[in-house]
Structure formats: structure tokens, C-alpha cells
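Letter 11 of the sequence shown, counting from 1, is numbered 10 in numbering that gives the first Met the number 0, and no numbers are missing. Here a beta-carbon is modelled for each residue, glycine too, at the ideal position from N, C-alpha and C. Quick notes on the structure that follows.
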Amino acid sequence: MRYDLEVIKRELTTLPWYKNQIYLQGSSKDMDPIEPTIGQNYLVVDETENKYNIPLFDIPYINGILEEHKLVRTRLMKMKPKTCYYWHNDKTKRLHIPIETHKHCFLLLGDERVHLPADGTAYVIDTTQKHTALNCSKIDRIHIVGAFQ
0 MRYDLEVIKR
10 ELTTLPWYKN
20 QIYLQGSSKD
30 MDPIEPTIGQ
40 NYLVVDETEN
50 KYNIPLFDIP
60 YINGILEEHK
70 LVRTRLMKMK
80 PKTCYYWHND
90 KTKRLHIPIE
100 THKHCFLLLG
110 DERVHLPADG
120 TAYVIDTTQK
130 HTALNCSKID
140 RIHIVGAFQ
């Protein structure tokens, strides 16, 4: 699946950056797209990702992609240079659309190292297996990441 990366980038310029992620979908239209990411990145114990299915921004092209794939809890995620996430697994597979990346940015999926180029391609990643992301470059790595219902 390939999308128009320039249209995606143009829509993303309308969003406010704070910290390292912005929710593109929420549990209600008036949910703060930034507040859930301050302090921790986990859902409240009694919540499920499926509750996060309401678009929070007027970004029709991106919202169409999220709807097409029936994504929930979609976020715009920025990974700073020389950082990595902890080793973990998710409850469902994730759709990744790389926006900005570098050849030294990659995912470790089990024993496999995977680089996702920023060319408009949407990648289905099996994040139910143990994985992490690494940014060994000198630039921010930015992906749209959504969970499948």
C-alpha cells in the first residue's frame, strides 16, 4: 500500500508538536491529543485500544487512510536521534507509515533487523512478537503508527 507522502506531510504541518507523540485518534472528539502521552505511554487499565477510534484533527487524507485500514489509537511518533524503545510486544499488529527516517533507523523484530524507508509505503508490522525501534542517526525518525482493531 503506497500513499502520497507529500500530502501526508502537508497535513502533518498543521499539528502541534509536544514531546514525542501526538494522538491522531481519541476516545472522544474533545480528548487532548497530547495529554495521554505525558508521563507514560500506557492505556488506563480498563481501557482498550479500540476506544481510540475518533479522529482528533481535520486531516482528511490521513483520516481516510486510518479509516481504510480500520486503525485505532493512531499516533504520530517522533523518535529522537541516538535513542531506542524498550523491548516489548503489543496486543495487535501495527501499521507504520514512515514520514522521516534514515538508513540508520530500524526495527528489531525478534532476531530480524528491518529498515522502513519513507516513500509513502504503509507497512503491516507484526508487533505481537518482541520488538524495539532504534534511531542510530542524527535526525528525528517520524512515523504514523496505528493499531489494528
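Endpoints, alpha helix (DSSP H) assigned at residue i
i	result
Leu65	59 to 67
Lys129	First-last for Lys129: undefined, no H or E at that position.
Ile7	4 to 11
Residues that DSSP places opposite residue i in a beta bridge
i	result
Gly25	Ile53
Tyr122	His95
Thr82	Asn134
Short Cβ contact (7 Å threshold) for residue i with residue j
i	j	result
Ile64	Glu10	no
Asp89	Thr120	no
Leu23	Thr91	no
Tyr122	His95	yes
Leu75	Ile143	yes
Thr131	Leu107	yes
Glu48	Ala146	yes
Arg93	Ile124	yes
Ser136	His114	no
Residue interval of the beta strand (DSSP E) (run including residue i)
i	result
Glu99	93 to 99
Lys77	70 to 78
Ile141	140 to 147
Cα-Cα separation between residue i and residue j, rounded to whole angstroms
i	j	result
Trp86	Lys79	17 Å
Asp110	Asp31	37 Å
His68	Lys77	22 Å
Lys129	Ile53	28 Å
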